[in-house]
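Numbering (the numbering used here), first residue to last: 153 to 611.
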């Protein structure tokens, strides 16, 4: 299955790719379905199930569905316009999406958190309905937000699990796992980034690819900068204080004064990641990498490389992102990038593997060293649970991204010290992650029913 770099990295809105972006995308898809339907709708309803119900408020799932049904989309999200729209919708108990006129929708009555009836397809399920003037359902669709902003209908999910793949143009390097990736790299003499680039340019020009990659990094970099310049209290009720700005100011003050211990470089990596995830927690614009909850690891590692590693330069960022996307695609295809499916090992663990691979690549690593870097990073996140306190993407998520970036850099460094040969293949680590997630109690998979979520006071 081909997965574009622009599917793995998507510009969106916080705090969660699966719980915020995904439901908003699902709502947009339902509106499209409704516009093509012969039925004339008078109202809309929605029900949230599984993890979307349990942690929906903390992840702003309710807001995302309301705004999605009003016509908002993650990649063009305007926070001020959204706040204004929410006020109007709640007051008028109606939405007016383009092409459909005014539709009854009372968020208090028509958006249901169904805690008792999880949908069978996936932990992140929602049902969207259109009703006639009498309130009877005339159109209904179930959607699953499967992580990273990806959304499937019930039929699409069934097709995916049955092995049915949509037909796409043939690509020159159709690797489905890491072993195939390394074999193709060896036989072609190309790097992972070069193979990924060749695959991408089947669907878009080289200029379009480069422009898209540049935009992704610009949004990531801008997100870091906003996070480093903003302080205050994060929304949601935990009263978590933003720390990135204060830490960054201290690090800047110590520069050149010989006050810093060598391990202070870890604080730089952490502060870049924390800046992103504080922005995400505040509902700001981020790039899924591969998810919102893990959005800080990749950009933090790129910023670390650009600002702290001699010889680094912006021209290498595209290869970093292409390499990272290749690894992320393997994880998604063969396991999961969803915390609701496999815990945080699937989110920050996957992000660390992607970042480690990208860093190893731009620092001159061979494909074998790149694969080794990804494996080391993923292996040492195996078993990590997703246990957000109060269902918010704040504790432990913000700091966890910082540690993920540190692990990514350490994994790349270790891999580059070797010749690429190693004991555990990346494919084995990915399969282990899948099995571990399958065995993991649902309490530890983004439901806020276990772990830190029940052992830390959340009020």
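Note that CB positions come from ideal geometry on N, CA and C, so glycine has one too.
For residue i, the first and last residue of its enclosing alpha helix (DSSP H)
i: residue 483; result: 469–486
i: residue 424; result: 417–433
i: residue 587; result: 578–591
i: residue 213; result: 213–221
i: residue 556; result: 549–569
i: residue 374; result: 358–381
i: residue 400; result: 396–406
i: residue 491; result: 491–494
i: residue 612; result: In the structure displayed, the chain extends from 153 to 611; residue 612 sits before or after that span and is not available.
i: residue 189; result: Residue 189 -> no alpha helix (DSSP H), and no H or E assigned at all.
Residue i: first and last residue of the uninterrupted beta strand (DSSP E) it sits in
i: residue 437; result: 437–439
i: residue 280; result: 276–283
i: residue 198; result: 195–202
i: residue 292; result: 289–299
i: residue 461; result: It is not in any beta strand (DSSP E) - residue 461 carries neither H nor E in the DSSP assignment.
i: residue 303; result: 302–305
Integer Cβ distance of residue i from residue j, believed to fall under 8 Å
i: residue 256; j: residue 245; result: 7 Å
i: residue 237; j: residue 222; result: 6 Å
i: residue 277; j: residue 294; result: 6 Å
i: residue 585; j: residue 487; result: 5 Å
i: residue 597; j: residue 495; result: 5 Å
i: residue 266; j: residue 194; result: Rounded, the Cβ-Cβ distance is 23 Å, inconsistent with contact.
i: residue 426; j: residue 405; result: With a Cβ gap of about 18 Å, residue 426 and residue 405 do not count as contacting.
i: residue 501; j: residue 567; result: Between residue 567 and residue 501 the Cβ distance is about 16 Å, and since that is not below 8 Å, they are no contact.
i: residue 554; j: residue 440; result: Not a contact, Cβ separation roughly 18 Å.
i: residue 453; j: residue 560; result: 5 Å
i: residue 525; j: residue 564; result: 4 Å
Residues near residue i in its chain [Cβ-Cβ closer than 8 Å; skip 5 each side]
i: residue 191; result: 282, 284, 290 and 291
i: residue 338; result: 519
i: residue 362; result: 470
C-beta contact flag for residue i and residue j at 7 Å
i: residue 624; j: residue 433; result: Outside the shown range of the chain, which is 153 to 611, sits residue 624, and nothing can be said about it.
i: residue 179; j: residue 217; result: yes
i: residue 331; j: residue 579; result: yes
i: residue 644; j: residue 475; result: With the chain covering only 153 through 611, there is no way to say anything about residue 644.
i: residue 489; j: residue 299; result: yes
i: residue 485; j: residue 160; result: no
i: residue 449; j: residue 364; result: no
i: residue 455; j: residue 424; result: yes
i: residue 471; j: residue 513; result: yes
i: residue 128; j: residue 529; result: An answer regarding residue 128 cannot be provided, because it is not within the stretch 153 to 611 covered by the chain.
i: residue 358; j: residue 324; result: no
i: residue 546; j: residue 380; result: no
i: residue 523; j: residue 334; result: yes
i: residue 480; j: residue 515; result: no
Own chain residues within Cβ distance below 7 Å of residue i, not counting five before or after
i: residue 212; result: 167, 172 and 435
i: residue 418; result: 558
i: residue 438; result: 164, 166, 375, 428, 431, 432, 444 and 447
i: residue 548; result: 604
i: residue 207; result: 171, 540, 543, 598, 599 and 600
Close beta carbons around residue i, own chain, < 6 Å, minus the five adjacent residues each side
i: residue 321; result: 354
i: residue 203; result: 275, 276, 492, 598 and 599
i: residue 219; result: 234
Proximity test, residue i beta-carbon vs the ligand PLP heavy atom, cut-off 6 Å
i: residue 203; result: Because no ligand of any kind appears in the structure shown, any question about the ligand PLP cannot be addressed here.
Worksheet item: Whole alpha helix (DSSP H) runs in the stretch 506–535 with 4 or more residues, listed along the chain?
Response: 519–531
Discussion item. Which runs of the beta strand (DSSP E) at least 3 residues long sit entirely within the stretch 235–270? Give them in chain order.
Written reply: 263–266
Worksheet item: If you scan the stretch 153–180 from start to end, which runs of the alpha helix (DSSP H) of 4 or more residues do you find wholly inside it?
Response: 157–160
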